[in-house]
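Since the structure comes first, as structure tokens, the remarks are kept for the end.
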Amino acid sequence: MKPLLRLLPYLNRHRRLLVTGAIAVVCSNLFTVVQPLLIGRAIDVLNAVLLKSDRATGSLALYAAAVVGTSVIAGIFSFLTRQTLIVASRHIEFDLRNDFLSHMQKLSLSFFQNTPTGDLMAHATNDIGAVRNVVGPGIMYPADTLVTFVMVISVMLTLDWQLTLFALVPLPFVSYAVYRLGKIVHQKFEARQATYSELTTRAQENLSGIRVVKAYVREQYEIGLFRALSLDYLKKNLVLARVQSIMWPLMFLLVGFSLILTMYFGGMRVISGEITTGTWTAFFVYLGMLIWPMIAFGWVINMLQQGSASMGRLMKIMDTPADITDGPGTDRSVTTIQGGLEFRNVSFRHKGADRDTLSDISLTVPAGTTLAIVGYTGSGKSTLVNLLPRLMDVTGGEVLVDGHDIRTIPLEVLRTNIGYVPQETFLFSETIAENIRYGVDGGSDAGVREVADIAQLGKDVTEFPHGYETILGERGITLSGGQKQRTSIARALMRQPRVLILDDALSAVDTYTEEEILKRLRGVMKGRTSIIISHRISTVKEADMIIVLHEGRITERGTHDQLVGLGGIYAELHRKQLLEDEIEHL
């Protein structure tokens, strides 16, 4: 149950609703508990009438009115209980879900590379729902149960303490049964939730990769895998249901023992004249009122165990530290950057890797110049540029911007001044215009059209049914690969960044379109620091400086002509592409 203690700040945030709810619970039970006393008194009056053969209809009517009146008042307070405690639980669910997403947004790229998306989706939906049950029904029913139990037992002890003790004989057995079953429920629920995460992950991958599934005719294979996971989830649900199903009959059985004991010993005391028939009847009504608290006790323990398991899973994510954040060393006086870049003996190694991805990178890029990076696949090109917006942090050496260590520049300042077009283009299920202005607040329509024209996207957009207001499908599925890349380029240009990074951003466009984009980009890149990663020599040959990465190290650097004359990796790539162009021309 320790994970549930982490909910205390959320409970404190909505303490007014919770306190009001607690008062409503007490008042509701107060007017409910008095009803059996009124019923008992009415029965005694009725007995007196029958024995004396006189009429006391006025007294009976008064008792009936009192029972109806207290029921109405109890119902009003019961309504207020739900309107406060359940509403508070919905507010806490809202806060918890927002805090969960907010924390995930702060986590570094490496976290998402090692955590399945489906697993995070399960946390954000199923687990948060289970926690909400704890702070809603999980608070309301225990409060109601406890107040009812205390009030009923107090009245029963006042009426006849000996009969009360007989009625409570099964109570220790209830507590022990709930304790043992609660532990089993906790374990089974954790196992079920783990399987649910796997199921969600599989479904998410199937939907995201539906093109690949269909292209390779793997529908039946995927259906089989999903069915196997679903069957495993079903089995774990059935096991959990079997454990939970024991609780309810057990509670009824133990309460039944209380009724038997009360009937026998209470009847004996009525016969002996120690208590009246009305008191005995009130005892039965009070025992009936204790049936729900006893059952609710088991149900709530069940719910708390599930909520505790879910909260524990959530806390594993919430307790994951954000590796890349502003810290005590952040220089708040830095409010903008000019774009001068320097890498000093930089090295980087992924967590769990046995060797460095980047080693001993030393490089200076003056503000306003264009740097091109080429190299074979897996040489570390994308990793190098990911260090600039601090999507990852160096494990050795320093990256400086305008002479400042990048870790001392406020993250918002740094990233606001960098326009990044990643290798894997991602578009949102919004309009084309909204995707382009994603990185800015309130970008004008004229600005959207301007950057779209630079990215050679404007001509394509005019052919769409609703122009820039055309809604894109998930991940921009309605666009071609080249159109996605050009939209991503336009999005980066919309920010008017001081540093522009194009990570293989023209790989999906034809050579003619690429040349047109580069012509327009040259005007945009004047006065801005630009970094271009590409496998095409035609894309990078006009750069002020070109470096060649090989196995995480800079092996060549210079201009296009210098590197061609050097006869190394760059020259080899150049020769191959010239040959490919000749073959294509023929």
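Going by the working numbering, the first residue of the sequence shown is number 59, and it counts up by one from there.
For each residue, glycine too, the CB sits at the ideal point set by N, CA and C.
Just so we're clear, the structure is a prediction, and the values are computed from it rather than from any experiment.
In this structure, leucine 564 lies near glutamate 572, with their beta-carbon atoms less than 7 Å apart. Residue environment for isoleucine 590: buried (at least 16 other C-beta atoms within 10 angstroms of its C-beta). By DSSP's assignment, arginine 402 forms a beta bridge with Glu456. In the DSSP assignment, arginine 615 is bridged to Ile605. Residue pairing for alanine 430: DSSP places it in a beta bridge opposite Ile590, Ile604. When DSSP reads this structure, isoleucine 529 sits in a beta bridge with Thr489. Residues of the same chain with a CB within less than 8 Å of the CB of valine 471, apart from the 5 flanking positions on each side, are Val392, Thr393, Thr394, Ile395 in chain order.
Sequence-distant partners of arginine 155 (beyond 5 residues in either direction) whose C-beta falls short of 8 Å from its own C-beta, in its chain, are Ala182, Ile186.
Restricting attention to Leu362, Ser405, Gly433, the CA atom closest to the CA of histidine 608 is found in Gly433. Around the beta-carbon of leucine 159, fewer than 16 other beta-carbon atoms lie within 10 Å, marking it exposed. For tyrosine 478, the enclosing beta strand (DSSP E) covers residues 476 to 479.
DSSP, read as helix, strand or coil, puts leucine 537 in coil.
Relative to alanine 119, the option among Ile134, Phe135, Ile101, Ala132 whose CA is nearest is Ile101. Under the DSSP definition of a beta bridge, isoleucine 419 partners with Val404.
Under the DSSP assignment, isoleucine 559 falls in the beta strand (DSSP E) whose first and last residues are 557 to 561. Under the three-pair Cβ rule at 8 Å, the stretch 592 to 610 counts as touching the stretch 621 to 638. The Cβ neighbour count for tyrosine 279, taken over all protein chains shown within 10 Å, is under 16; the residue is labelled exposed. Around methionine 209, the same chain offers Asn87, Val91 as residues with beta carbons nearer than 6 Å, after the five sequence neighbours per side are excluded. Rounded to the nearest angstrom, the gap between the Cα atoms of arginine 507 and glycine 516 is 7 Å. Going by beta carbons, glycine 455 and serine 405 fall inside the 7 Å limit.
Going by beta carbons, tyrosine 254 and asparagine 184 fall inside the 7 Å limit.
The beta carbons of phenylalanine 231 and leucine 312 sit closer together than 7 Å. Pairing threonine 435 with leucine 416 gives a Cβ-Cβ distance that is not under 7 Å. By the Cβ test, the stretch 284 to 298 is in contact with the stretch 245 to 262, since at least three Cβ pairs between them sit closer than 8 Å.
One alpha carbon belongs to leucine 429, the other to leucine 446, and they sit about 13 Å apart.
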